[in-house]
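**Student:** Residue numbers (my numbering): 18 to 523. Built from N, CA and C at the ideal position, the CB exists for glycine as well. Pasting in a structure now, in structure tokens, and then I'll have a few things to ask.
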């Protein structure tokens, strides 16, 4: 400030005209900013007070708070409002609180919010141009139509023996680590990576034998939290225009090259001999769609990244919650033992699906710690958001291009819908309790036409791993575990200091 003042004084004496013009320009910019940041005030839409430089995201931009923490503060500050206005840097944006409005945005009027607000540069990240989560319009419809058959219940049944074999390896791996501290996210990622390699590509990723497995190394390069990765994610999420002019890669060059090479080799091998069973890659190749090598690689990369990362997050927190709640763990063990006894100790996909309490445990874990704490949609058509003011219906025009923030974790932790929300209680998801609860207050995989395509695959591999681990081990919190804190460098929900557990043979 002292340097700036000195320069201005110097300019005043050396070039008074330039000084006057500079001050006038500064005043005009200041007046414009003041006017711009009163947009929601002019619309009579409540919301947090913005700063003139970063809108309402200063703490997230500088990684002082996770976006989930910021959204939770707004959610509770404006508790009686169906939606609020905030500023994504300079861009007027909306946070939606009301379940009925969330239902409308994700379901009934999904055509007006058909894109996820996740900017990437197609020239920099060409493989992501085939990811159904990221693309929109006709490309999204084609990708969805092509990939949906790969995640049906029938396909999960077909892949179930592979998953169970991977679980055999997982159980043995944990057995070799008894007495040691194990970080839940790390072991969960090893399992889901091994499982995806087997189910999608019929390959052994060697995740349990080789700590430096190429698959794990490449997966970490994409998702491992770091300061640089945090900056990259912030630019992608909050300053998307930067991504159009500065080459900020989401998929590192090394990972892109490794994956293209992997797919090229597999395609050459399968021209000579198809795999013994139809994995997800082969199912894609068997479709009647004429795909380029790059399109196949792009879809295959989606199998890999989406199959292992969010599932490993979901599994790690489910293990953590079970370790924190031994009574729940004991009840789950009894259900597993009883179900297997009734089925002659034969574990199948159908038997897994019939274990109600196991499903409730997973859903409660996903409620408290969903892999994605917030969801960002993009308004793709002008839309009127409605609310009541003094008993009257008021409409606010939301122009095309507006970001719509849905605070998943804040809704999941609202005591209005879930009394004692910090208490882990799987019975919340019993049919009786669900029937008494407001709809659209639990959506860890989103909802509507753009809900997570791999949801069935994710839940199957997580539930199977929970079953096999609880069946064989008692899971405990390590004495070296530190209290849970959100890692502010990561977009997904992750523990800053890890989730440190011990496993004891039953």
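1. Excluding five sequence neighbours on each side, which residues of the same chain lie with their C-beta closer than 8 Å to the C-beta of residue 517?
2. Give the DSSP-derived three-state secondary structure of residue 106 in the structure shown.
3. Just list the residues that DSSP pairs residue 410 with in beta bridges.
4. From the DSSP output, read off the bridge partner residues of residue 313.
5. Please report the residue range of the alpha helix (DSSP H) in which residue 490 lies.
6. By a C-beta neighbour count over all protein chains shown, 10 Å radius and 16 as the cutoff for buried, is residue 603 buried or exposed?
7. If you draw a straight line from the C-alpha of residue 469 to the C-alpha of residue 180, how long is it?
8. Check the C-beta distance from residue 129 over to residue 396 and give it rounded, since I have them as a contact under 8 Å.
9. Would residue 332 and residue 352 qualify as a contact pair, given that the criterion is a beta-carbon distance under 9 Å?
10. Quick one: residues in its chain with C-beta nearer than 8 Å to the C-beta of residue 336, no 5 flanking neighbours on either side, listed in chain order?
11. Whose C-alpha, out of 173, 186, 384, 67, is nearest the C-alpha of residue 434?
12. Count the other C-beta atoms from every protein chain shown that fall within 10 angstroms of the C-beta of residue 394, then say buried if there are 16 or more, exposed otherwise.
13. Could you tell me which residues DSSP pairs with residue 82 in its beta bridges?
14. If we call anything under 9 Å between Cβ atoms a contact, is residue 270 one with residue 236?
15. For the region 178-253, list the alpha helix (DSSP H) runs that are entirely contained and at least 4 residues long, ordered along the chain.
16. Under 9 Å, do residue 443 and residue 368 count as touching if we go by C-beta distance?
17. Can you name the start and end residues of the beta strand (DSSP E) that residue 358 belongs to?
18. Less than 7 Å between C-beta atoms, sequence neighbours within five positions excluded: which residues of the same chain meet that for residue 57?
19. My output table needs one value for residue 363: the three-state DSSP class, helix, strand or coil.
20. Quick one: what's got a C-beta closer than 6 Å to residue 146's C-beta in the same chain, skipping five residues either side?
21. Look up residue 390 in the DSSP assignment and say whether it is helix, strand or coil.
22. Comparing C-alpha positions only, which one of 178, 59, 77, 96 sits nearest to residue 428?
23. Check this for me: beta carbons of residue 319 and residue 501, under 9 Å apart or not?
24. Who are residue 101's beta bridge partners in DSSP?
25. Among the residues of its own chain, which have a CB less than 8 Å from the CB of residue 18, if the five just before and after it don't count?
**Tutor:** Let me spell this out:
1. If you ignore the 5 residues before and after residue 517, its C-beta comes within less than 8 Å of the C-beta of 198, 199, 200, 201, 494, 495, 497, 498, 499, all in its own chain and listed in chain order.
2. It is coil, neither helix nor strand.
3. DSSP output for residue 410 lists 405 as bridge partner(s).
4. Partner(s): none; residue 313 has no beta bridge.
5. For residue 490, there is no enclosing alpha helix (DSSP H); the residue is part of the beta strand (DSSP E) that begins and ends at 490-494.
6. The displayed coordinates of the chain run from 18 to 523. Any statement about residue 603 would go beyond what the structure contains.
7. Cα to Cα, the separation comes out at about 20 Å.
8. Going by Cβ atoms, the distance from residue 129 to residue 396 rounds to 6 Å, so yes, they are a contact pair.
9. In this structure, residue 352 does not lie closer than 9 Å to residue 332 by Cβ.
10. Correct list, in chain order: 201, 205, 483, 486, 492, 516, 518.
11. Nearest C-alpha to residue 434: 384.
12. Around the Cβ of residue 394, a 10 Å sphere holds 16 or more other Cβ atoms; the residue is buried.
13. DSSP lists no partner for residue 82.
14. Result no, Cβ atoms of residue 270 and residue 236 do not sit closer than 9 Å.
15. When DSSP assignments are scanned along the region 178-253, the uninterrupted stretches of alpha helix (DSSP H) that are 4 or more residues long and fall wholly within it turn out to be 201-218, 231-240.
16. The Cβ-Cβ distance between residue 443 and residue 368 does not fall below 9 Å.
17. Looking at the DSSP string, residue 358 is not in any beta strand (DSSP E); the run it does join, the alpha helix (DSSP H), is 343-359.
18. The residues are 64, 102, 109.
19. DSSP places residue 363 in coil when its eight states are reduced to three.
20. Answer for residue 146: 139, listed in chain order.
21. In the three-state DSSP reduction, residue 390 falls in the coil class, being neither helix nor strand.
22. Comparing Cα positions, the closest option is 96.
23. Taking 9 Å as the Cβ cut-off, residue 319 and residue 501 do not qualify as a contacting pair.
24. When beta bridges are read from the DSSP output, residue 101 appears opposite 112.
25. With a pLDDT of 49 at residue 18, under the threshold of 50, the predicted position of this residue should be treated as unreliable, though the coordinate-derived value follows. Taken in chain order, the list of residues that qualify is empty.
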